[in-house]
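Residue numbers (full-length UniProt numbering): 1 to 142.
Note that beta-carbon positions come from the ideal geometry of N, C-alpha and C, so glycine has one too.
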């Protein structure tokens, strides 16, 4: 009798592979994020978090220090000429596509994204002594 094996989430592995494939083919990788204003994204100007989906260019020329970890994607970039350190929870990422061709990977969204992170472990990690990026205090009313 074989013990049940619990495997880690395949999403970050697939994203790393597709990212490399897109870049190797001289295309621009765009990360698509669902429910960005619910607390799944930090370091992005508030006006960009108001939509249902957020698309970010994560090409090597648009970012620095890009890291696709098992729990999040982090990188440095500029918005309106101002430097920003961006953190995106892996749970909110729904696709990674090449801008030029639309090819890439689409992934099912996590359940309950609109409610935001319910787990205190789903927050950006920062070195000791630094403030954690704060989410928006604004609420979208419909």
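Practice item. Can you tell me which of 114, 95, 29 puts its alpha carbon nearest to the alpha carbon of residue 59? Key: Closest in alpha carbon position to residue 59, among 114, 95, 29, is 29.
Point to revise | contact_flag[the region 91-111, the region 14-25] where n(CB pairs < 8 Å) is 3 or more | key: Yes, they touch.
Check your understanding: Cα separation between residue 142 and residue 33?
Key -> Summary for residue 142: the model assigns pLDDT 42, below 50, so the residue's position carries little reliability, and this model does not support an answer.
Review point. So, is residue 81 buried or exposed, given that buried needs 16 or more other C-beta atoms within 10 angstroms?
Key: Burial call: exposed.
Practice item. Starting from the C-beta of residue 100, find all residues in its chain whose C-beta is less than 8 Å away, skip the five residues before and the five after it, and write them out in chain order. Key: Hits under 8 Å: 27, 28.
Review point. What's the gap between the Cα of residue 68 and the Cα of residue 115?
Key: Their backbone Cα atoms lie some 24 Å apart in a straight line.
Review point. What is the DSSP secondary structure of residue 104, counted as helix, strand or coil?
Key: Correct three-state label for residue 104: strand.
Review point. From which residue to which residue does the alpha helix (DSSP H) around residue 171 run?
Key: Nothing about residue 171 can be reported from this structure: the residues present for the chain run from 1 to 142 only.
Exercise for review: Could you have a look at residue 167 and say whether DSSP puts it in helix, strand or coil?
Suggested key: Nothing about residue 167 can be reported from this structure: the residues present for the chain run from 1 to 142 only.
Point to revise | CB contact flag (residue 49, residue 31, <8 Å) | key: In terms of Cβ geometry, residue 49 and residue 31 do not form a close pair [threshold 8 Å].
Check your understanding: Going along the chain, which residues of its own chain have a beta-carbon closer than 8 Å to the beta-carbon of residue 14, five neighbours each way excluded?
Key -> Same-chain partners within the cutoff: 105, 107.
Review point. Expressed to the nearest angstrom, what Euclidean distance is found between the alpha-carbon atoms of residue 88 and residue 118?
Key: The alpha-carbon atoms of residue 88 and residue 118 are separated by roughly 15 Å.
Practice item. Let me know if residue 36 comes out buried or exposed under the rule of 16 or more other beta-carbons within 10 Å of its beta-carbon. Key: Answer is buried; the Cβ neighbour count reaches 16.
Review point. With distances taken between CB atoms, is the gap from residue 40 to residue 91 smaller than 8 Å?
Key: Yes, the pair counts as a contact, with Cβ atoms nearer than the cut-off.
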